[in-house]
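Structure, as C-alpha cells:
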Amino acid sequence: MFRTKLEADVDVSLGASVVSAKKVRKTYRTGNLEVPALKGVDLEISSGEFVAIIGPSGNGKSTLLNCLSGIDTIDSGSVHIAGQDIFGVRDAKRTALRASMMGFIFQSFNLVPVFSAVENVEMPLLAAGVKPKIAREKASRMLDQVNIGKRSAHRPSELSGGEQQRVAIARALVAEPAIIWADEPTGNLDSATAAVIVDLLKEVNANGQTVVIVTHDRGIAKQSDRIVKVRDGRIESDETSAEMAGA
Amino acid sequence: MITTAALIILGVLALFVMFDLLFRPTIRRLGLRNVVRRRGEAMLVIVGSMLATALIIASFVIGDSFGASIRSVAETRYGPVDEIVQVEDPEATAEKIKQGDTATIFDGIMVSRQADVAVRTETGTVEPSLRLLEFDIGEAKAFGNDTSSTGVVDLPDTLGVSKVALNQKTSDDLGLKEGETFEIFFGPTPVEVEVVSVVPTKGMAGFGQIIADADAITRISPDRDEFSSHQVLLSNTGDVYSGAERTEEAEQLLDSIFDTEASSETVAEVFPVKRNLLENADEEASGMTELFGTIGGFSVAAGILLLVNLFVMLASERKVELGTLRALGLTRSQLRRAFSLEGLTYGIFSAVLGVVCGVGVAAGVMAFAGSSFGADSNVTLRLSVSPNALVSGVAIGLAISQITVLFTALRLVRLNPARALVDAADPKRGLNNKIKFALATLGVIAGVAVYLLLTNEPVPVMLAPVIVAVSAIFPLGFMLGKRLAAPLCCALGIVWVAAVFGIRSDAMDDPDIVLFLVQGLVMVGLGVVVMGSLNKVFRRAIALLSSSYAVKLGLAYPLARPVRSALLISMYALVVFTLTFMSVLTAVFGGSTTQFAAKFGGSSDILVEANPASPVALAELEAVENVDSAVAVDRMLFGYKNEGSIEDESDREVGSILDAKFAELVAPPTLSRSSQFASDEEMWRTVASSDEWIVMPTFDSSVLEVDDVVELIGADEQSVAVKVAGTIENTWMIDSGAHLSVELAEQLKTYEERSSRFYVQATEGAELTVVADQIGSRFATNGVEAESFLAMAESDTAEQEVFFNILQGFLGLGLLIGIAGLGVVLVRSVRDRRQELGMMRTVGIKSSVTRNSFLIEACFIGFQGVALGVGLGLLSSWLTITKSTAFEEGLSFTVPSRQLMLLSAIALGASLLAGLIPAVRAARTTPAEALRVA
C-alpha cells in the first residue's frame with residue numbers, strides 16, 4: 001500500500017543503514033542545573049526496520065528520538081540519516097531533509113486546531129512545495145487510506161482522540177517519507193484504538209518504510225522487529241523481538 | 001460626577017482586594033505571582049492599558065491648561081479691575097458709587113478714559129489700532145489690595161504732558177524704548193508723544209497698551225468727546241481671581257445705586273469683565289476636556305478591547321491551571337477575584353505610567369498649540385497640571401480597566417473543570433431559541449418605542465433603529481439564514497447611523513461631539529460583524545491571489561478566531577475611522593476657502609476697517625491702485641425684541657447700514673430668504689431701500705426666522721417693527737451683524753457708533769493681498785486695517801487645520817494602543833501555538849514560513865482595521881457633509897487621498913512592526929523544545 005520515497009542522493013534501500021548515531025550526547029540546561037539526557041549513544045537502524053525504543057520515564061527515550069530525527073540539537077557526536085550528517089548542515093537543510101524523508105507522530109497528536117483534517121494532512125506536502133491541488137488530492141487519498149476520509153473537513157476539536165491520531169498518521173505518511181518517527185503514538189488512546197494505530201504502523205512498515213516508535217507499552221514493543229532499551233541516557237540493551245522473546 | 005463615580009467604584013473594589021490580600025493567601029499568590037510570571041509580556045500589558053489612562057489624563061490636563069491660560073489673562077489684562085462701568089460722566093458716577101455703602105465690596109474705584117488710536121513711529125512702523133488709557137496714575141498705583149497687580153506701580157504719579165508709558169508687548173511690537181517719540185493719531189491731526197517708561201504687560205497696563213495721565217492726550221485733541229469713552233474702573237475686595245466672585249454682589253449694589261430704570265440722568269452700563277473672562281476660561285476648559293476626552297474616547301474604547309483581548313488570552317493560556325484550581329476546590333468567585341487582583345496590579349502600574357505619559361502628551365499638545373496659535377493670540381498657552389486632573393484621570397482610567405477586567409473575568413471563570421483539565425474546548429453555550437426570540441421582540445419594540453418617544457433626542461434617534469436592526473437578526477435568520485441576516489441587518493444599521501444626519505436633520509442640526517463618538521463606536525461595531533461575515537470571501541480571494549503556505553497559515557488563525565480578530569480589528573478601526581473623518585473635514589474646510597470668502601464678502605474682495613477718529617474718504621479709497629470700487633458701510637448698535645426674546649445685553653445687535661451700492665456690489669449670499677423675494681439680489685435691493693425689512697445673521701436664526709416680525713429698539717427706546725427678509729452667515733472675523741437700510745437706521749438713533757467699514761472690489765486679476773497691503777499702508781495712520789476675504793478664510797481654515805492636526809496627533813496615540821494590542825496578542829500567540837509551531841517545524845515547514853505567517857497575520861488584521869476605518873470614515877463624513885445641516889451648506893466633499901494613503905501606510909507599517917518580534921520568535925522556535933514545553 002505504501003511506497004518508500006527514494007532520493008537520488010540517499011540510499012534508503014531495504015537493509016541499508018538509514019539512521020546512524022555515534023556517541024550522541026545531550027544535556028539539558030536550566031539555569032545552573034544540568035541534566036544529562038543522553039550519555040554517548042550509538043545506534044544503527046536499517047531501512048525497513050520497525051524499531052521500538054522503550055525504557056522508564058525520564059531516561060532519554062524521547063530525547064533520543066528527537067536527536068535522531070534532527071528536531072533537537074546534540075551536544076556532541078553525530079547523526080547520519082541515509083548517509084547525510086544532519087548536524088553538519090544548516091537548519092534549513094535539516095528542515096528540508098525532514099520534509100522529504102521523515103514523518104512524525106506524537107502522543108498528543110499536535111494537529112493545528114484551526115485547520116481541518118485534510119488541511120493538516122496536506123501541510124507537509126505544501127511545505128515541500130507540492131502544488132495545492134495535488135497536495136489536496138494526496139491528502140484526501142491518505143485520509144481515505146487511514147479510514148477517516150469522511151471526516152476530512154472536520155477540525156481537530158470535532159474529532160475523537162483516535163480520529164485525531166489517524167489524521168496525525170496520515171500527515172506523517174502523506175509525503176511518503178522513508179522514516180516514520182512515532183513518540184508514544186498510543187499514549188492518549190484506549191487499547192482498542194491503540195491496536196488499530198499499531199496495525200496501521202505495521203502496515204506502513206510492511207511496505208518498506210522504517211518505523212521508529214517510542215513506547216511504554218511492552219505489547220506494542222513486542223510487535224516490533226527490534227527493541228532498544230534506554231536507561232539513564234544510555235542504551236541498556238538492543239535486541240530483536242525474537243531475542244527478547246527467547247530471553 | 002464621573003470622577004466621583006469612578007472613585008466610589010475603586011473604593012469598593014479596594015475593600016475587596018484588601019480583604020483578599022490580607023486573608024486569602026491563595027488568591028493573593030495567584031493574582032500577584034501571575035503578574036511577574038512573564039515580565040516582558042506583563043510590561044506590554046501595562047503599556048497597552050496605560051495608553052488609555054494617559055489619554056484620559058491628557059484630556060483633563062489639556063482642558064485645565066487652556067482654562068488656566070485664559071484665566072491668566074485676568075492678571076495680564078485686568079489685574080485688580082473686576083468691573084468696568086461705561087458712563088458719560090465718570091467723576092459724578094465714581095462719586096455716586098463712593099457715597100453708597102460700597103466699602104465692603106469695592107477696594108478700588110477710579111475713573112479712566114480710553115480711546116482707540118493709530119500710532120506711527122519715527123522709523124515708519126505703523127500700528128492702526130491700539131488702546132490709549134488715561135487715568136490718575138497715583139490713584140491707580142493704590143487701586144485694589146495688591147498694588148503689584150496694577151502693572152503701573154513703578155510709574156511716577158505723573159508722567160507729564162505729551163508723555164506716555166507703554167506696556168512691554170507694545171514696546172516690543174513697535175520697537176520703541178524709553179526716551180523715544182512717536183505719533184498718536186487720536187484724531188485727524190497727529191500728536192507727538194514721548195515714551196517715559198515701559199511697564200510690565202499686566203493689570204491696567206495690559207488693558208491699556210498706551211498709558212497716559214488723565215486727559216493728558218485727549219485734551220489736546222479736538223475730537224476727544226466723539227472718539228473716546230469714559231469708564232469707572234472697580235476693584236472688588238479680594239485678589240485678582242477671588243475678587244470676581246463678588247461681581248454679582250457688585251452688580252446688585254450698582255443697580256441699587258443707579259436704579260437705571262428710573263434715572264434718566266445717569267446711564268451706566270456695567271461690564272463684569274473679570275467674571276466674564278473667568279467664566280469663559282472655565283467653559284473653555286470644560287469644552288477642551290470634553291473635546292479631547294471624546295476624541296480620546298475612541299482610543300479608550302480601543303484600550304478596553306485590548307484589555308478584554310488580553311484577559312481572554314490569559315485565561316486561554318491558563319486553561320489547564322484554571323481547571324486544576326477548580327478541581328481542587330477554588331470557586332469561580334475566587335478565580336475571578338484572582339483575575340481582578342492581577343488586573344488591578346497591572347492597572348496600578350498602568351496608572352502610574354499613565355500619569356507620566358498623560359502629562360507628557362498634554363505638554364506636547366500645549367507646546368504645539370502655543371507655537372501654532374501663540375503669536376496672534378492674547379493668551380499665552382502654558383501647561384497647567386492640577387492634582388484634580390491627575391486624580392480624575394487616574395480614577396476614571398483605573399475604574400474603566402477594572403470594570404472591564406471584572407466583566408471579562410466573570411465570563412472566563414465559567415469553565416468546565418473536566419474539559420479545562422484536558423485543554424478541551426468548552427461546548428458553545430447559548431440561549432435557547434424561545435429566549436432569543438423574546439429578547440429580539442423586546443429589542444424591536446424597545447427600539448421603535450425609543451424612536452417614537454424621544455423623537456428629537458439625537459442619541460436615541462441614532463441608536464433606536466440600530467437596536468431594531470440588531471434585534472431583527474435572530475428572527476430574520478430563520479428566513480434568510482444567520483449568515484445573511486447578520487451582515488444584512490448590520491449593514492442596514494451602518495447606513496442608518498451614517499445617513500441619520502441627513503435623514504433626521506431636524507434632530508441632528510446641533511450635534512454634540514459625543515454623538516460622533518457614539519456614531520463611530522456603533523459603525524465600527526456593526527462594521528466588524530459585516531467584515532467577519534466576509535471572511536470566506538477574503539479567504540477565497542486571497543487563495544486565488546497567492547498559493548503561498550505562509551499566506552494560508554497567516555490567514556488561518558485570524559479567520560478561525562473571529563471574536564479575537566474582531567476585537568483587534570475594532571481597535572484599529574475605531575482610531576482610523578476618526579482619523580479619516582477628521583482628515584476629510586480638514587480637507588473639506590481647506591478646500592472651501594473661496595466659498596467661505598464669498599459667503600462673507602459677497603462680490604467684494606477686501607474688507608477695510610477704518611478708525612472713525614481718523615476717517616477715510618471713500619473717494620480716496622477708490623483712488624488706490626487696483627481698487628475698482630468700494631462701498632462704505634456705517635455701523636451701529638441697536639436692541640431688538642421678538643416673540644420669546646427679552647431685550648438685554650445679549651439681544652443687542654451690531655448693525656451694518658447698507659445702501660443701494662451695497663446691494664449691488666457686495667450682497668453676500670443668503671442662507672434663507674423670504675419667499676417674497678425671487679432672488680438674493682432682489683432681496684438686497686429691497687432691504688437697502690426699505691424701512692420694513694432687515695437681514696439677520698445666522699446665529700440668531702434659532703430665535704429668528706425669515707418673515708418673523710422683529711421690534712428694533714433705538715437709543716431713545718423708540719422702536720420700529722420690521723420683518724426678517726433673510727439670514728446670512730456671520731463670523732467673528734467680520735461680525736457684519738444685521739443689515740438694515742439708511743432710512744431705518746435714521747429712525748433708530750444709534751446706541752453707539754462703530755468704526756467705519758468699507759467693502760472693496762479689486763480690479764480683475766489684481767493680487768488681493770497686494771491691494772489690501774496697499775490700502776493698509778496708504779491709510780495706516782487712519783487706523784485702517786485691510787484684509788482680503790480670501791486671506792481671512794484661509795487664515796481661519798489654517799487655524800482649524802492646525803487644531804485638527806493637534807486632535808489627529810492626540811488621537812493618533814490611540815493607534816499605539818492598537819499596535820501594542822496586536823503586538824501583545826501575537827507575542828502571546830507564539831506561546832499559545834508553541835506546540836503547533838514545533839510540529840510544523842518538525843514536519844518540515846521552514847522557519848521563514850512561520851515567520852512570514854505571523855507578519856501576514858499582523859498585516860491582515862491591520863488591513864481589515866484600516867479598510868474598515870477608512871471606509872466607514874469616508875461614508876460617514878460624506879453623508880454628514882453633503883446631507884447634514886450640522887455643517888455649512890455648500891461644502892464640497894473631498895477625499896484627502898494622499899493623507900489617507902499615508903495614514904493607511906503608517907497603520908499597516910505599524911502592524912507589520914507589531915508582528916515583527918513575535919514573527920522572529922516564531923521563526924526561532926526549535927521543534928523539540930516547543931514540543932517538549934508544550
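Chains as they are written, first to last, in this note's numbering: chain R, 1 to 247; chain W, 1 to 934.
Each residue gets a CB set at the ideal place from its N, CA and C atoms; glycine is no exception.
For Met110/W, the secondary structure class from DSSP, reduced to helix, strand or coil, is strand. Ala772/W sits away from Ala914/W, with the two beta carbons spaced by 9 Å or more. For Asp832/W, the enclosing alpha helix (DSSP H) stretches over residues Phe789 to Asp832. Per DSSP, the beta bridge partners of Leu658/W are Ser741/W. For Thr925/W, there are no neighbours in chain R by C-beta distance under 7 Å, as the nearest C-beta there is about 11 Å away.
Apart from the 5 residues on each side of it in sequence, Val514/W sits with its Cβ closer than 7 Å to the Cβ of Thr294 in its chain, given in chain order. Rounded to whole angstroms, Gly219/R and Ala195/R show a C-alpha spacing of 10 Å.
Phe803/W is the residue among Leu879/W, Phe803/W and Arg921/W whose C-alpha sits nearest the C-alpha of Ser371/W. Taking the Cα positions, Gly639/W is about 44 Å away from Trp496/W. Secondary structure in the region 265–346 of chain W: the beta strand (DSSP E) runs of 3 residues or longer, each lying completely within the stretch, are 269–271 in chain order. Taken through DSSP and simplified to helix, strand or coil, Gln595/W comes out as helix. Its chain contains Phe474 and Pro475 as the residues whose beta carbon lies nearer than 8 Å to that of Phe437/W, once the 5 sequence neighbours on both sides are disregarded; these appear in chain order.
Flagged as an interface residue toward chain R: Lys846/W, by a C-beta distance shorter than 9 Å.
Residue range Leu33 to Ser46 is occupied by the beta strand (DSSP E) that includes Ser46/R. The beta-bridge partner set that DSSP reports for Asn167/W consists of Val199/W.
By the neighbour-count criterion, in which 16 or more other beta carbons inside 10 Å mark a residue as buried, Met50/W falls on the buried side. Rounded to the nearest whole angstrom, the C-alpha separation of Arg504/W and Val461/W is 8 Å. Across the structure, Ile54/R and Val211/R are spaced so that their CA atoms are roughly 14 Å apart.
Leu665/W and Ala598/W have their C-alpha atoms roughly 12 Å apart.
Beta-bridge partners assigned by DSSP to His80/R: Ser20/R and Asp85/R.
With 16 or more other CB atoms across the displayed protein chains lying within 10 angstroms of its CB, Ala315/W is buried. If you check the CB distance, Ser565/W and Pro558/W come in under 9 Å. If you compare the alpha carbons of Gly865/W, Phe779/W, Pro668/W and Val624/W with that of Arg120/W, the shortest gap goes to Phe779/W. Pairing Val616/W with Val627/W gives a Cβ-Cβ distance that is not under 9 Å. Fewer than three beta-carbon pairs drawn from the region 80–88 of chain W and the region 392–410 of chain W are found closer than 8 Å, and the two stretches are therefore not classed as touching.
In the displayed model, Phe258/W falls within a helix according to three-state DSSP.
In the structure shown, Glu163/R falls within a helical segment according to DSSP collapsed to helix, strand and coil. Neighbours of Ala560/W across chain R, judged by C-beta separation under 9 Å: Pro113, Val114, Phe115 and Arg155. Per DSSP, Asn782/W lies in no alpha helix (DSSP H) segment and is marked neither H nor E. The Cβ-Cβ distance between Ala214/W and Arg113/W falls below 9 Å.
Secondary structure note for Gly726/W: its beta strand (DSSP E) is the uninterrupted segment Ser719 to Ile728. Closer than 7 Å at the C-beta level to chain W, one finds these residues of the region 129–142 of chain R: Pro132.
With a threshold of 16 other beta carbon atoms within 10 Å, Glu134/W meets it and is buried. Around the Cβ of Met840/W, a 10 Å sphere holds 16 or more other Cβ atoms; the residue is buried. Looking from the CA of Asp75/R, the closest CA among Arg25/R, Phe109/R, Met101/R and Thr30/R belongs to Arg25/R. Cβ proximity to chain W below 7 Å picks out nothing from the region 50–61 of chain R.
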